[in-house]
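Numbering (the working numbering), first residue to last: 11 to 266.
Each residue gets a CB set at the ideal place from its N, CA and C atoms; glycine is no exception.
Following: one structure in structure tokens, then a few remarks.
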Amino acid sequence: MNDWALILGASSGIGKSCAIKLAQKGINIFGIYLRRPKDQIEVLKTQLESYGVKVVFKKMSATNTEKRIEAIENLKALGKIRIKVFIHSLAFGSLKPFIDNDSKKVISQKQIEMTLDVMGNSIVYWCQALFQEELLKKGSHIFGMTSSGSQRQWKSYGAVSMAKSALESACRQLALELAPHGIASNTIMAGVTDTPALRKIPGNDRMIEHAISVNPHGRLTTPEDIGDAVAMIGLSESSWITGNTIRADGGEDITG
Numbered sequence: 011m012n013d014w015a016l017i018l019g020a021s022s023g024i025g026k027s028c029a030i031k032l033a034q035k036g037i038n039i040f041g042i043y044l045r046r047p048k049d050q051i052e053v054l055k056t057q058l059e060s061y062g063v064k065v066v067f068k069k070m071s072a073t074n075t076e077k078r079i080e081a082i083e084n085l086k087a088l089g090k091i092r093i094k095v096f097i098h099s100l101a102f103g104s105l106k107p108f109i110d111n112d113s114k115k116v117i118s119q120k121q122i123e124m125t126l127d128v129m130g131n132s133i134v135y136w137c138q139a140l141f142q143e144e145l146l147k148k149g150s151h152i153f154g155m156t157s158s159g160s161q162r163q164w165k166s167y168g169a170v171s172m173a174k175s176a177l178e179s180a181c182r183q184l185a186l187e188l189a190p191h192g193i194a195s196n197t198i199m200a201g202v203t204d205t206p207a208l209r210k211i212p213g214n215d216r217m218i219e220h221a222i223s224v225n226p227h228g229r230l231t232t233p234e235d236i237g238d239a240v241a242m243i244g245l246s247e248s249s250w251i252t253g254n255t256i257r258a259d260g261g262e263d264i265t266g
């Protein structure tokens, strides 16, 4: 089987680490990115290719319907392939409060809808297209990257929290509907991980300090930890682990 990983948000943070880990395991990489400079993408592409796999990067908005159709056609042009692992790791949302006396400071309807579409709803549209084009097949694994923010509230995190909750619900529904086809769908809930996305959250320094203090491992979760978890589950041909939110946090939640 000609196996590929399709990674939305492949150029940095958790998406990048998943690409590296899967490439090291012999999985070809098709990465979607938006903002990373081309020279940095070329460096990453060269690194991934050094593991002996094929690598394609496409610069686009993951929520653009026409671009999504184009990306699916690009994948089909690669021949008879299977998307062994599909990773939704998009971190593009609005971090604003719901309530403030100053109307200019609160999040708008447009910003909420954008955040939900990018970080939540879009996984459904991609999976629909991948399944209909027979790119998701028996043994494929879908992973949505969630966080404890789906269950806990942090300052100005409301819209992202809504999106993460929607992502988890969508992945459970995908698990139900894809199980007869031998395709698994889960979300991965990383512990506090020092990524560019975390650094945008107000009060992230306190989150980091607290996570280190309560984690039994005495450190933060790293993107590499998540890459290991994705590879461990995603390379299996079994679809029996499905419909779950899998904590990959080193025990942070049980003590935090």
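Going by C-alpha positions, Ala-239 is about 42 Å away from Ser-113.
Buried is the label assigned to Thr-125, since at least 16 other Cβ atoms lie within 10 Å of its Cβ.
Collapsing the DSSP output to three states places Phe-108 in coil. Of the candidates Trp-250, Pro-190, Asn-12, Leu-245, the residue whose Cα lies closest to the Cα of Gly-89 is Asn-12.
Partner residues in the beta bridge of Ile-93, as assigned by DSSP, are Trp-14. Counting only residues of its own chain and dropping the five nearest sequence neighbours on each side, Gly-213 has a CB closer than 8 Å to the CB of Trp-164, Lys-165. Per DSSP, the unbroken alpha helix (DSSP H) holding Thr-56 starts and ends at 48-59. Its chain contains His-151, Ile-152, Phe-153, Gly-154, Cys-181, Ala-185, Ile-243, Ile-251, Thr-252, Gly-253, Asn-254, Thr-255, Ile-256 as the residues whose beta carbon lies nearer than 8 Å to that of Asn-196, once the 5 sequence neighbours on both sides are disregarded; these appear in chain order. For Val-63, the closest of Gly-201, Ile-37, Ser-171 by C-alpha to C-alpha distance is Ile-37. When DSSP states are grouped into helix, strand and coil, Phe-141 belongs to the helix group. Here Phe-67 is buried. Its C-beta has 16 or more other C-beta atoms within 10 Å. Within its own chain, the residues whose Cβ lies closer than 7 Å to the Cβ of Asn-131, once the five positions on either side in sequence are excluded, are Ala-176, listed in chain order.
Assigned with DSSP and collapsed to three states, Gly-62 falls in coil, not helix or strand. Contact annotation: the stretch 219-239 touches the stretch 18-38, with at least three C-beta pairs closer than 8 Å. By the Cβ test, the stretch 132-139 is not in contact with the stretch 50-62, since fewer than three Cβ pairs between them sit closer than 8 Å. Closest in C-alpha terms to His-191, from the list Thr-75, Glu-123, Tyr-167, Glu-144, comes Glu-144.
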